[in-house]
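Each residue of the sequence shown is one higher than the one before, counting from 0 in the numbering used here. We put the CB at the ideal spot given by N, CA and C, even for glycine. One structure is given here, and the rest of the page talks about it.
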Amino acid sequence: MGLLSGKTALITGASKGIGRAIAIRYAQEGANVAFTYLSSVEKGQALEDELAAFGVKARGYRSDASDFKAAEELVNAVVADFGALDILINNAGITRDNLLMRMTEEAWDEVIGVNLKSCFNTVKAATRTMMKAKAGSIINITSVVGIKGNAGQANYSASKSGIIGFTKSVALELGSRNIRCNAVAPGFIETEMTAVLDEKTVQGWRDAIPMKRGGQPEEVANACVFLGSDMSSYISGQVLQVDGAMLT
Ligand code: NAP
């Protein structure tokens, strides 16, 4: 019996990186997994089979996290297909880095739309089902950059700070309905995205972290298992940093 047996989770942006690791860890812990992808169609479809091999129900949906109407349709489809929605993980995210002087309005709007508005979209759509069930766990993936800020990432850090304020507000509003809402703030996590970067630069980042290494997607996924499970039944409104003491 896994920590998430009998629960249904919806994870946005699971075709690669951290979202994919969360989907796999959730399936390993017995959760039925609904997940989304947008441009990585083949990877999304392959993940569906990979998750089903754990003996759980799994289904991928192509859905743009920044689209309000699409989020409503997505949640309705998940509830119709799975019959429940116990855990919602807002993981889909992008970067469009540039110094403020060179940052375009499009780069600002796109990042705020995919990273922050997406959380509003899915939470708004999911709360009806969770309120009916008088239970739910919402996990929003923020970043240490949302706590500290970062030069060259004004749009990204604003979106991630926004997620923290949103998370705490949802926890306050929905606590009386037994719906918990927490944020996970990864530090430097080594994904496909970082694998293509110059090794010297990446080593410099690793050396600056007290634990002297980047994190693995599975280490973020484990925090999400805890926050999605009944092990964290009295934890809500919190930001859990998974950063090897990078920001301490
Ligand atoms: P990643 O490897 O680039 O994966 C991002 C995922 O989001 C992909 O599955 C992508 O799907 C999906 N996505 C992007 N735009 C989308 C949209 N409009 N609608 C639906 N899905 C969309 O990134 P990652 O490193 O795993 O990051 C995952 C989350 O962790 C993000 O929120 C990121 O900000 C946060 N984070 C990451 C780090 C890090 O060091 N990696 C640190 C702190 C926080 P498609 O490819 O199918 O479009």
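Near ligand 1: T166 beta-carbon under 6 Å from a heavy atom | Incorrect: T166 has no Cβ contact closer than 6 Å to ligand 1.
Count the other CB atoms within 10 Å of the CB of L239; is the residue buried (16 or more) or exposed (fewer)?
-> Answer is buried; the Cβ neighbour count reaches 16.
Alpha carbon to alpha carbon, how far is L87 from T35? Give it in angstroms, no decimals.
-> Distance between T35 and L87, taken at the CA atoms: about 12 Å.
Pull up the distance between the alpha-carbon of T190 and that of K68, whole angstroms please.
-> Looking at the backbone, the Cα of T190 and that of K68 are separated by about 30 Å.
Segment contact, 8 Å Cβ cut-off, at least three pairs: the region 180 to 195 with the region 228 to 245 | With the cut-off at 8 Å, the region 180 to 195 and the region 228 to 245 touch.
Enclosing beta strand (DSSP E) for P209 [first to last residue] = Looking at the DSSP string, P209 is not in any beta strand (DSSP E), and its letter there is neither H nor E.
Three-state secondary structure (DSSP) of R179 | Judged by DSSP in its simplified three-state form, R179 adopts strand.
Does the distance from the C-beta atom of E28 to that of V169 stay below 7 Å?
-> The answer is no: Cβ separation not under 7 Å.
Under 7 Å between the Cβ atoms of G151 and D96?
-> Contact flag set, yes.
Should G92 be listed as close to ligand 1, given that the test is whether its C-beta is under 6 Å from any heavy atom?
-> Flag set: Cβ of G92 near ligand 1.
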